[in-house]
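Enquirer: Numbering (our numbering), first residue to last: 627 to 1060. Beta carbons are placed, not taken as given, at the ideal position from N, Cα and C, and that holds for glycine. Bear in mind that the values here come from a model prediction, so they are computed numbers and not experimental data. I have a structure here, written as structure tokens, and I will follow up with some questions on it.
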């Protein structure tokens, strides 16, 4: 990208060697270093640490959250709690960029380029923000798209298996995630998942439900939402309540409470009292209809599907889901097997097939559903949702998984308008008019 922003006598700054010209300063990064070596003449450049000093970004506190699942909800909860405490805060991630209470940019990649992130931090600082909360993907860690950022706190949600199409193996994926926690920055780790990563013990704190932890959930209920008692350092207790559902959200909210405690040192109960104000994230266990009961969620891995379905296991579950194309194929039968373990009726359909044949993806999911009854394979996602709604019986809950708040479906390299939530609303409206 190129920013039309003057610095040190240069008219603009870029991280793209192909956009260099007179008056353009290059941000030299881990990603473009090899392209710079191919140039005949080394251009004027600045590094991320130098840019951070030039823009005075050491006055804003970055908070990075990484993990297979829970990044979006945990960052949003941290942002919500800090904001309600009167701390002006920015939020960057899959939902876009929010500075203070203004949405500046719509949805984007989880962790953008380091130039984009530093530019966003600069805008946040100029708007008076004291904190910059961001999602950190495994791709960003591996590609060093966070170089130079001195995190005030690093948070670990969980590490299962994902993005093996990129990382190649679970071991490499875990190694990359662990690299984020190798320095002496303050870190907050999920004690119940800690066996999946390695970390530098310096300035390490933990939270957990099962294992002893710095922030220990002493008691909880998942009936009609979440109620939990969390004890900090064996001495300070806070009780929070939320209308959100599921054990996984208990972990997300506990992580957020713990993070805000470490950052602000506010009383635990003062922080916990604000949890109820956080209503969750669009496309994450989002209730689209109560009658019939329809929920849309972003779960797109076998672990993600397990967490969602396990959260409502006491209901009669009906599920619509698929798997993304051009991604880890090994997870597809496992996704099917998890759905088969919990669901009464299953509709396997297309997610974002991208360049792959949708039927091939469905067939691979069905390998994990061999012998399971009440399974239908329907390539057209809208048709699958319509069929599930038509056949939904009283007392059943319909979960539509994989796309969350995405507003498109990518087929053959083309993004077509498609929003699971809007499709449900349209189909229900048609049923009412019939």
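Starting from residue 923, trace the beta strand (DSSP E) in both directions and tell me its first and last residue.
Expert: Locating residue 923 in the chain shown gives position 297, where the first residue counts as 1. Run containing residue 923: 919-923, per the beta strand (DSSP E) assignment.
Enquirer: I'd like to check one pair, residue 723 with residue 713: are the Cβ atoms closer than 8 Å?
Expert: In the chain shown, counting from the first residue as 1, residue 713 sits at position 87. In the chain shown, counting from the first residue as 1, residue 723 sits at position 97. No, these two residues do not count as a Cβ contact at 8 Å.
Enquirer: Counting only runs of 3+ residues fully inside the stretch 946-985, write out the beta strand (DSSP E) ranges in chain order.
Expert: Those beta strand (DSSP E) runs which fall completely within the stretch 946-985 and span 3+ residues are 971-974.
Enquirer: Is the beta carbon of residue 945 less than 8 Å from the beta carbon of residue 908?
Expert: Within the chain shown, numbered from 1, the residue matching residue 945 stands at position 319. Within the chain shown, numbered from 1, the residue matching residue 908 stands at position 282. Result no, Cβ atoms of residue 945 and residue 908 do not sit closer than 8 Å.
Enquirer: Looking at residue 847: is its Cβ nearer than 8 Å to the Cβ of residue 803?
Expert: Position 221 of the chain shown holds residue 847. Position 177 of the chain shown holds residue 803. The answer is no: Cβ separation not under 8 Å.
Enquirer: Does DSSP put residue 933 in a helix, in a strand, or in coil?
Expert: Here residue 933 corresponds to residue number 307 of the chain shown, with the count starting at 1. Residue state, collapsed to three classes: helix.
Enquirer: Give the straight-line distance between the Cα atoms of residue 737 and residue 777, rounded to the nearest whole angstrom.
Expert: Taking the chain shown and counting its residues from 1, one reaches residue 737 at position 111. Taking the chain shown and counting its residues from 1, one reaches residue 777 at position 151. Roughly 15 Å separates the two Cα atoms.
Enquirer: Do residue 972 and residue 1001 have their CB atoms nearer than 8 Å?
Expert: Mapped onto the chain shown, residue 972 falls at position 346. Mapped onto the chain shown, residue 1001 falls at position 375. The answer is yes: Cβ separation under 8 Å.
Enquirer: On the criterion of 16 or more Cβ atoms from any shown chain inside 10 Å, does residue 697 qualify as buried, or is it exposed?
Expert: The residue you call residue 697 lines up with position 71 of the chain shown. Answer is buried; the Cβ neighbour count reaches 16.
Enquirer: On the CB-based measure, 16 or more other CB atoms within 10 Å of its CB, does residue 976 come out buried or exposed?
Expert: Here residue 976 refers to the residue found at position 350 of the chain shown. Buried is the call here.
Enquirer: Buried or exposed: which applies to residue 933, given that a residue is buried once 16 or more other Cβ atoms fall within 10 Å of its Cβ?
Expert: Numbered from 1 along the chain shown, position 307 holds the residue referred to as residue 933. That one is buried.
Enquirer: Whole angstroms is fine: what's the gap from residue 678's alpha carbon to residue 997's?
Expert: As a working mapping, residue 678 is identified with position 52 in the chain shown. As a working mapping, residue 997 is identified with position 371 in the chain shown. The straight-line gap from Cα to Cα measures roughly 58 Å.
Enquirer: Going straight from the alpha carbon of residue 880 to that of residue 835, what length do you get?
Expert: Residue 880 sits at position 254 when you count from the first residue of the chain shown. Residue 835 sits at position 209 when you count from the first residue of the chain shown. Those two C-alpha atoms are separated by around 9 Å.
Enquirer: Residue 692 and residue 768: beta carbons closer than 8 Å?
Expert: The count along the chain shown starts at 1 and reaches residue 692 at position 66. The count along the chain shown starts at 1 and reaches residue 768 at position 142. Against a cut-off of 8 Å, the Cβ pair of residue 768 and residue 692 comes out as no contact.
Enquirer: Does the beta-carbon distance from residue 920 to residue 1024 come in below 8 Å?
Expert: Walking along the chain shown from the start, residue 920 turns up at place 294. Walking along the chain shown from the start, residue 1024 turns up at place 398. Yes, these two residues count as a Cβ contact at 8 Å.
Enquirer: Looking at C-beta atoms only, is the number of pairs between the stretch 821-834 and the stretch 912-931 that lie closer than 8 Å three or more?
Expert: They do not touch, by the three-pair rule.
Enquirer: Just the Cα atoms here: how many angstroms apart are residue 721 and residue 733?
Expert: If you number the chain shown from 1, residue 721 lands on position 95. If you number the chain shown from 1, residue 733 lands on position 107. Those two C-alpha atoms are separated by around 4 Å.
Enquirer: Is the beta carbon of residue 766 sitting closer than 8 Å to the one on residue 775?
Expert: Numbered from its first residue, the chain shown carries residue 766 at position 140. Numbered from its first residue, the chain shown carries residue 775 at position 149. Not in contact: residue 766 and residue 775 (Cβ atoms no closer than 8 Å).
Enquirer: Which whole-angstrom value describes the C-beta separation of residue 1054 and residue 868, a residue pair presumed to lie in contact below a C-beta threshold of 8 Å?
Expert: If you number the chain shown from 1, residue 1054 lands on position 428. If you number the chain shown from 1, residue 868 lands on position 242. 27 Å between Cβ atoms; not a contact.
Enquirer: Out of curiosity, what's the CA-to-CA distance linking residue 650 and residue 859?
Expert: As a working note, residue 650 is residue 24 in the chain shown. As a working note, residue 859 is residue 233 in the chain shown. Their Cα atoms are separated by approximately 51 Å.
Enquirer: For residue 951, which of 989, 749 and 642 has the nearest alpha-carbon?
Expert: Looking up residue 951 in the chain shown gives position 325. The residue with the shortest Cα to Cα distance from residue 951 is 989.
Enquirer: Based on the DSSP output, what are the partners of residue 729 in its beta bridges?
Expert: Against the chain shown, residue 729 aligns to sequence position 103. Answer is 724.
Enquirer: Can you check which of these residues, 843, 870 and 949, is closest to residue 857 by C-alpha distance?
Expert: The residue you call residue 857 lines up with position 231 of the chain shown. Ranking the options by Cα distance to residue 857, first place goes to 843.
Enquirer: Looking at residue 689 and residue 889, is the spacing between their C-beta atoms short of 8 Å?
Expert: Along the chain shown, one-based indexing puts residue 889 at 263. Along the chain shown, one-based indexing puts residue 689 at 63. Yes, these two residues count as a Cβ contact at 8 Å.
Enquirer: Measuring alpha carbon to alpha carbon, tell me which residue in 928, 902, 813 and 665 is nearest residue 707.
Expert: Taking the first residue of the chain shown as position 1, residue 707 is located at position 81. It is 902 whose Cα lies nearest to the Cα of residue 707.
Enquirer: Quick check on residue 746: buried or exposed, where buried means 16 or more other Cβ atoms within 10 Å of its Cβ?
Expert: By one-based count along the chain shown, residue 746 stands at place 120. Looking at its Cβ environment, which holds 16 or more other Cβ atoms inside 10 Å, residue 746 is buried.
Enquirer: Over what stretch of residues does the alpha helix (DSSP H) that includes residue 887 continue unbroken?
Expert: Numbered from its first residue, the chain shown carries residue 887 at position 261. From DSSP, the alpha helix (DSSP H) with residue 887 extends over 873-890.
Enquirer: According to the neighbour-count rule (16 or more other Cβ atoms, all chains shown, within 10 Å of its Cβ), is residue 627 buried or exposed?
Expert: Mapped onto the chain shown, residue 627 falls at position 1. The residue in question, residue 627, is exposed, as its Cβ has fewer than 16 Cβ neighbours within 10 Å.
Enquirer: Excluding sequence positions up to five away, which residues of its chain have a Cβ less than 6 Å from the Cβ of residue 817?
Expert: Here residue 817 refers to the residue found at position 191 of the chain shown. Cβ within range, chain order: 832, 834, 837 and 839.
Enquirer: Kindly indicate the opening and closing residues of the beta strand (DSSP E) around residue 1051.
Expert: Stepping through the chain shown from its first residue, residue 1051 is reached at position 425. Careful: residue 1051 lies outside any beta strand (DSSP E), inside the alpha helix (DSSP H) at 1046-1059.
Enquirer: Could you tell me if residue 729 is buried or exposed, where buried requires 16 or more neighbouring beta carbons within 10 angstroms of its beta carbon?
Expert: Translated into positions along the chain shown, residue 729 becomes position 103. Residue 729 comes out exposed.
Enquirer: Which whole-angstrom value is the C-beta distance of residue 978 and residue 896, which I expect to be below 8 Å?
Expert: Numbered from its first residue, the chain shown carries residue 978 at position 352. Numbered from its first residue, the chain shown carries residue 896 at position 270. Not really, about 42 Å apart at Cβ, beyond 8 Å.
Enquirer: Can you list, in chain order, the residues of its chain with a C-beta nearer than 6 Å to that of residue 851? Leave out the 5 residues immediately preceding and following it.
Expert: Indexing the chain shown from 1 puts residue 851 at position 225. These residues qualify, in order along the chain: 868 and 869.
Enquirer: Among the residues of its own chain, which have a CB less than 6 Å from the CB of residue 709, if the five just before and after it don't count?
Expert: The sequence position of residue 709 within the chain shown is 83, counting from 1. For residue 709, where only same-chain residues beyond five positions count, the Cβ hits under 6 Å are 715.
Enquirer: Does the Cβ-Cβ distance between residue 925 and residue 987 come in under 8 Å?
Expert: As a working note, residue 925 is residue 299 in the chain shown. As a working note, residue 987 is residue 361 in the chain shown. Cβ atoms of residue 925 and residue 987: not closer than 8 Å.
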